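Protein chains: 2
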Amino acid sequence: MKSQPKELVKQMLAGHRLSLARLISKVENRDKDLAEIMKLLFPHTGHAEVVGITGPPGAGKSTLVDRLTALYRAKGKRVAIVAVDPSSPFTGGAILGDRIRMQQHSGDRDVYIRSLGTRGKHGGLSHATKEVVLILDAAKFDVILVETAGVGQTELDILRLAQTVVVVLVPESGDSIQVMKAGLMEIADVFAVNKSDRPEADKLVKELITNSGLSDHDEHSWMMPVQKTEATRDVGITELSGLIADHQAYLTRSGKREVKKVEFLKNEVADILSERLSLSLAHQFETSSGKEVVQKLSRLEIDPYEAADLFSGI
Amino acid sequence: MKSQPKELVKQMLAGHRLSLARLISKVENRDKDLAEIMKLLFPHTGHAEVVGITGPPGAGKSTLVDRLTALYRAKGKRVAIVAVDPSSPFTGGAILGDRIRMQQHSGDRDVYIRSLGTRGKHGGLSHATKEVVLILDAAKFDVILVETAGVGQTELDILRLAQTVVVVLVPESGDSIQVMKAGLMEIADVFAVNKSDRPEADKLVKELITNSGLSDHDEHSWMMPVQKTEATRDVGITELSGLIADHQAYLTRSGKREVKKVEFLKNEVADILSERLSLSLAHQFETSSGKEVVQKLSRLEIDPYEAADLFSGI
């Protein structure tokens, strides 16, 4: 048998890109060897900076990610980009179109780009993304950029796995209101006002600064900075990467890096147990006693909470 | 103690609106009495038509819901409207603005309107919506209209609880592509092309008909109809409600009503167990042995899958 977990992980740790790609596919497909793979990988994690990039469609996130990547590469850092698209729950598709722009990095062995879409019922997208991040971390990428489009609940779940969250906005009417509404204010660490040559840019910057003032101030508080950028002209990117670095330093200084790490790992454990529950239940529904419970439920002889009592947890 | 579950459910079944509102709040707040409440309610469910209404923001969903409600009322049917807004995970807010338009029904005791937003960590929005639908069903509403905005994964989860899904679109460029991308084609039972006085309406109708032809045809297959509407001028609403009735008849005729009911109940059981897992885990993380496991995990001494083994299921 080729592709034994041990061999795959060994090759991946040695820098073999195809092995890396295969391991990520195993995460996407919820492979039976996942527990073994993660056991082998996990001791090698804990080094990468994980930066989430989000914002409304058309904000220029991909171009910004492209420019940041070039900048990190110039500093000799290895960069992985995970583009997550939760909006295609049926097709399993992902943000592929935008990826074409990244072709300038395609010959660079120290840049790895992967799109993730939703597949399967068991194990959500944020679970898969967390495990992909762990793999890329073990593969010794210095920076992992997790890009999500849109502002739904799934996207927010995904962003929680990042250490630093950059929210990209463009000067268009109503954008800042959308930010409030979507709860992005609460998870943003750095704001980028992209396409800042547009007339309304300063107004948006002002609004964001005013509203970010609402967060509480203690000695370890982080003053959410707002950076104007024009990704297509490479304007403000150095400053933006500086602010990301500032936030990373703040995480270490304040002790919040450890808090975030523990949260990440707790969430991963919860996701593993949740996936096991889902698989176990799908199996139990197919047994004769499981079918009997569902029939009783359907005939209103028992209620869903009683039925739940009749199924074992995991 | 006032508001005992038994008393509340009894009053709700007798048509007491405040008791109904309190029971729904208990679902939203994941009250400790929920299991008892659902046990008392559940035998009274199974009568309502549950219709999901979705579409992009600005498609005119609320006006359409308003017109459909007026039509159902004219036929003597009792109507409940659940407006679900998953895009506000932090504020707990919901689509309240649009609800103002519904004020024409506010004096009508046979129309009940409720907005649901995301609250709390344990128990997702689609879980709460399912239980609210069960309560409204027990409260003998003939039609329950579940309105969601947007096209994210959470919205699609919510729509799966509906028997009939109406997707509302407007003739604007790219709308039909969005429908494909978001997987709405797979869950739509009826399309409404609203604001159909706009020039591109016929083009959109044609596109939808062409694409819906892609679904498989067996003897029980449902040919997805497309209805042009102008909700603001009350045009096409009678026809739309006719198509919803056709689909409801189709569900009964084909045996798919029972299939959908069983799916709904299985999903409810899964959500209950998932919520229990989440609560149990949150508790276990706070125990001394749980903290020890998390510490080992954080020091990379064990991996997340091993840690999961150390926590009991539920």
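Read top to bottom, the protein sequences are chains A and B. 291 is the number that this note's numbering gives to position 265 of the first sequence; each next residue is one higher, with no gaps. 87 is the number that this note's numbering gives to position 61 of the second sequence; each next residue is one higher, with no gaps. The beta-carbon is built from N, C-alpha and C at its ideal position, and this holds for glycine as well. As the structure is a computational prediction, the values presented were derived from the model and not from experiment.
Quick one: list the residues of chain B neighbouring residue i, beta-carbon separation under 9 Å, in chain order.
i: G143(A); result: Going along chain B, no residue has its Cβ under 9 Å from G143(A), so there is no contact; the nearest lies around 11 Å.
Name, please, each residue of chain A whose Cβ falls closer than 8 Å to the Cβ of residue i.
i: V4(B); result: Residue 4(B) is absent from the model: chain B starts at 27 and stops at 340.
i: S324(B); result: E284, K287, V288, L291
i: K166(B); result: What K166(B) touches in chain A: nothing, since even the nearest Cβ is about 15 Å away.
I'd like to know whether the C-beta of residue i is nearer than 9 Å to at least one C-beta of chain B.
i: G72(A); result: yes
i: Y331(A); result: yes
i: V320(A); result: yes
i: I50(A); result: no
i: D124(A); result: With a pLDDT of 46 at D124(A), under the threshold of 50, the predicted position of this residue should be treated as unreliable, and no value is reported.
Only counting the same chain, and skipping five residues up and downstream in sequence, which positions put a Cβ closer than 8 Å to that of residue i?
i: T190(A); result: E75, V76, V77, G78, D215, V216, I270, H273, Q274, L277
i: L97(B); result: I263, T264, S267
i: E256(A); result: N220, K221, S222, D223, G262
i: K286(A); result: Q189, L277
i: V159(A); result: A74, V76, V108, I170, V172, L187
Establish whether the CB of residue i and some CB of chain A are separated by less than 9 Å.
i: D57(B); result: no
i: F217(B); result: no
i: S304(B); result: yes
i: P69(B); result: yes
i: V91(B); result: no
i: I107(B); result: no
i: I298(B); result: yes
i: V295(B); result: yes
i: L39(B); result: no
So, with DSSP's three-state summary, where would you put residue i?
i: G181(B); result: The amino acid at residue 181(B) is misidentified as Gly; the sequence shows Glu. Looking at E181(B) - three-state DSSP - the assignment turns out to be helix.
i: Q30(A); result: coil
i: I170(A); result: strand
i: E312(B); result: helix
i: G119(A); result: Only weak support exists for where G119(A) lies, its pLDDT of 37 falling under 50; the value from the coordinates is given anyway. Three-state DSSP puts G119(A) in coil, outside helix and strand.
i: I79(B); result: strand
i: L142(A); result: strand
i: D124(A); result: Here D124(A) scores only 46 on pLDDT, less than 50, and its place in the model is too uncertain to base an answer on.
i: E256(B); result: strand
i: T95(B); result: helix
i: S114(A); result: Here the model assigns S114(A) a pLDDT of 46, short of 50, so the residue's position is not dependable, and the following value carries that caveat. Here S114(A) sits in coil by DSSP.
i: I235(A); result: helix
i: T264(A); result: helix
i: A109(B); result: strand
i: L240(B); result: Below a pLDDT of 50, predicted positions are generally treated as unreliable, and L240(B), at 49, falls in that range; the measurement from the model is reported next regardless. Three-state DSSP puts L240(B) in coil, outside helix and strand.
i: A188(A); result: coil
I'd like to know whether the C-beta atoms of residue i and residue j end up nearer to each other than 9 Å.
i: T174(A); j: T80(A); result: yes
i: N293(A); j: S132(A); result: no
i: E226(A); j: P251(A); result: no
i: I298(B); j: A334(A); result: yes
i: L326(A); j: I161(A); result: no
i: P330(A); j: F311(B); result: no
i: V194(A); j: L90(A); result: yes
i: R135(B); j: G41(B); result: yes
i: V110(A); j: L142(A); result: yes
i: R104(B); j: K166(B); result: yes
Applying a beta-carbon distance threshold of less than 9 Å, which residues of chain A neighbour residue i?
i: S238(B); result: Near S238(B) there are no residues of chain A at all, since even the closest Cβ is about 15 Å away, more than 9 Å.
i: A100(B); result: Neighbours of A100(B) on chain A: none; closest Cβ ~31 Å, over 9 Å.
Could you work out which residues of chain A lie near residue i, taking near to mean beta carbons separated by less than 7 Å?
i: A154(B); result: Here the premise fails: no neighbours, minimum Cβ distance about 13 Å.
i: A61(B); result: Y331
Near residue i, which residues of its chain fall below 7 Å by C-beta distance, leaving aside the five closest residues on each side in sequence?
i: H70(A); result: L39, A164
i: D378(A); result: Only positions 27 to 340 of chain A appear in this structure, which leaves residue 378(A) out of reach.
i: I235(B); result: V252
i: L336(A); result: V319
i: V231(A); result: V219, V252, K254
Residues in its own chain within less than 6 Å of residue i by CB, not counting five upstream and five downstream?
i: Y138(B); result: A106
i: F290(A); result: L187
i: E360(B); result: Residue 360(B) lies beyond the residue range present for chain B, which begins at 27 and ends at 340; the question has no answer from this structure.
Give the residues of chain B in contact with residue i, contact being defined as C-beta atoms less than 7 Å apart.
i: L307(A); result: A296, L299
Going along chain B in order, which residues have a C-beta closer than 8 Å to the C-beta of residue i?
i: M64(A); result: D329, P330, Y331
At least one CB of chain D closer than 9 Å to the CB of residue i: is that the case?
i: A334(A); result: In the displayed structure, chain D is absent; the protein chains listed are A and B.
Is the beta carbon of residue i within less than 8 Å of some heavy atom of the ligand ZN?
i: G72(A); result: In the structure shown, the ligand ZN is absent, as is every other ligand, since no ligand is present at all.
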